[in-house]
Amino acid sequence: MNAPVGLYQYQTADREFLASRIAEFEGQVQRRLSGELSEDEFKPLRLMNGLYLQLHAYMLRVAIPYGILDSRQMRKLAHISRHYDRDYGHFTTRQNIQFNWIKLEETPEILRQLADVDMHAIQTSGNCIRNVTCDQFAGAASDELMDPRVHAEILRQWSTLHPEFTFLPRKFKIAISGSPHDRVAARFHDIGILARPGENGPLFRIFVGGGLGRTPLVGHELFDSVPEADLLMTLEAALRVYNAYGRRDNIYKARIKILVQALGIDGYRKAVEHELSLMDPAHYRLAPETVAAIQARFAAPDLTAAPDAEARLKNDRQSDIAFDRWVRSNTHPHFAPGRIAVTVSIKPAGGIPGDATSDQLDRLADLADQFSFGELRITHLQNVVLAHVAQDRLLELWQALNDIGLGDANHELIGDIVACPGLDYCALANARSIPIAQKLSARFGDNALQEEIGKLRINISGCINACGHHHVGHIGLLGVDKRGEEFFQITLGGRDDALSRTGDILGAALPEDDMVDAIARIVDRYLSIRETGEQFLDTLTRLGDAPFKEAAYETV
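Here this note's numbering = 1-based position in the sequence shown + 103.
Printed below as a string of structure tokens:
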């Protein structure tokens, strides 16, 4: 099989399914355009195909299953942004891409073009199991126990048009990592899955009932030792309990987190265990040969590197301070000698978080071909990963990224802002996320300053639905409307790792015009009071929020 590296290869049945689905939706679009269907009648049909109606136009959300795509697919996304949108796409916190200026009558043709490269928009909306997200370093990380892409693909196939779970009480989000180290915000998902070591191979820890939005909750550990063979059966039982008992009378109380909160984790676990006792393990068992068959449809790269690759990288770093800084912030250890994983920041100073132009998308595809076997990953922090770069070519890659404005050394630093589209596009938003993100990004744009500040992530949401994940930002900003004016509420101390917690509200919301200076005062206060070796969260934990509250409001 001559297949792109790292990407599950569609079969004839997959492509026939997409063709039939597009033909069905095209008929529905024609009925809407002719007036045969009202907007209320059309809405559930378009949402099942990833099409939203926003403030100014339709938005199409395209699935990037577990965040992995190849250069051919990236070029197709560039083509769509150039010819059907306004020359850019927006990467989301679910490892998808959105096009914000879509014409309804052109949607079927866009879907056909996506299908030509084995892509679609199915289940990127609606009360179903959404895109399964995955560790962006899957199949490359040095701390990985298993490659979670295989199981993410199994979950994708299991969940697509699942007859029981297509109309759940509310949307359902799953994340999986093959590492014990949480890089997927597992505890803030409806179901989060982390691998852990076991006596006879890796086991899965299953977290349930996490989520953000208007009721942010950290998930609970449902089971801590699920073997691979029982993964699907366990998830099936967990979803059945939710589908049976989740609330459908109140959209704001319909997520699984509310059910888990009502029953308690012990009560929910008991219900799942009862469901498991009624199921036939032989029917649901994930057999090794099934896993092997899926694994075989992922082409593996030849990771052989030059014997002196590491030495050459060391020399390159010594000769260029800016390059050395970028390596420190934007690379991750690879399991293969002489290879390294690279995070390409889609957050240039003053830029819009997650937005990439069609030319940048094309160039990223070219760079993937040149440096990482044609494979790219989209992260839940709205960046792009090239996972298999040879260390002796890292300087060449960084120089090429600088040429297209994507060479910033700011991964997981204050310039690596996560933000939703906000009131510029979204009909639900109270405030514009993009302008405040751009102003903050410009204020802290210097890469040397960002490194001095250290690990500090800002997340911005334009409304309580929290698409910008403000609850888990070290500094979170929530847009609120006060008598028609845009204000932002500040939270401090959120995190989405093994010590997951939601941020605490600092005080009264501030006008948008005051926010950049308020955040700058918080950062300045942190720099003046931190102890040697402390990061922002360390200082906050040691001293509490009092000094930061004083700084934020001192001139208000």
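All C-beta atoms in this analysis are idealised placements derived from N, C-alpha and C, irrespective of residue type, glycine included. Note that this is a predicted model, so its numbers are computed, not measured.
Beta-bridge analysis with DSSP links H323 to V311. Note on N303: under 16 other CB atoms within 10 angstroms of its CB, so exposed under the neighbour-count rule.
The criterion of a C-beta distance shorter than 7 Å is satisfied by L248 and G281. DSSP, read as helix, strand or coil, puts Y155 in strand. Straight across, the Cα-Cα distance linking L416 with L467 is about 22 Å. For N562, no alpha helix (DSSP H) encloses it; the enclosing beta strand (DSSP E) starts and ends at I561 to S564.
Judged by DSSP secondary structure, R299 falls within the beta strand (DSSP E) whose first and last residues are I294 to R299. L264 is positioned such that its CB atom lies no closer than 7 Å to that of A530.
The Cβ-Cβ distance between G596 and L643 falls below 7 Å. Relative to the Cα of D238, the nearest Cα in the group P266, P272, A288 and K356 belongs to A288. For the set Q473, E555 and I539, the Cα lying nearest the Cα of E589 is the one of I539. The shortest CA-to-CA distance from S564 to any of L500, V521, A122 and R400 is the one to V521. Taking the Cα positions, G153 is about 48 Å away from E634. For S137, the enclosing alpha helix (DSSP H) begins and ends at T115 to S137. A distance below 6 Å between beta-carbons, with the five flanking residues on each side excluded, links A278 to the following residues of its chain, in chain order: T236, V287, A289, H292 and G295. M618 places its beta carbon less than 7 Å from that of F591. Exposure of L602 is indicated by the presence of fewer than 16 other C-beta atoms within 10 angstroms of its C-beta. P272 is the residue among G312, P272 and Q364 whose C-alpha sits nearest the C-alpha of R351. Pairing A412 with A471 gives a Cβ-Cβ distance that is not under 7 Å. Between G312 and K360, the C-beta gap is smaller than 7 Å, which places the two residues in contact.
By the neighbour-count criterion, in which 16 or more other beta carbons inside 10 Å mark a residue as buried, F270 falls on the exposed side.
Residue pairing by DSSP puts I608 in a beta bridge opposite T594. Considering only L217, I632 and I625, the residue with the shortest C-alpha distance to E653 is I625. Classified as exposed, A126 has fewer than 16 neighbouring CB atoms from the shown chains inside 10 Å of its CB. In this structure, the CA atom of I481 is about 15 Å from the CA atom of E515.
Counting C-beta pairs closer than 8 Å gives fewer than three between the segment 215-226 and the segment 485-499, which falls short of the contact rule. The segment 196-203 and the segment 160-173 touch, with three or more beta-carbon pairs separated by less than 8 Å. Under the DSSP definition of a beta bridge, Q201 partners with R164 and H193. Straight through space, the alpha carbons of F307 and D188 are spaced by roughly 41 Å. Taken through DSSP and simplified to helix, strand or coil, H435 comes out as strand.
Leaving aside the five residues that flank Q176 on each side, the residues in its chain whose CB is nearer than 7 Å to its CB run, in chain order, V220 and M222. In the DSSP annotation of this structure, the continuous segment of the alpha helix (DSSP H) that includes S380 starts and ends at I359 to S380.
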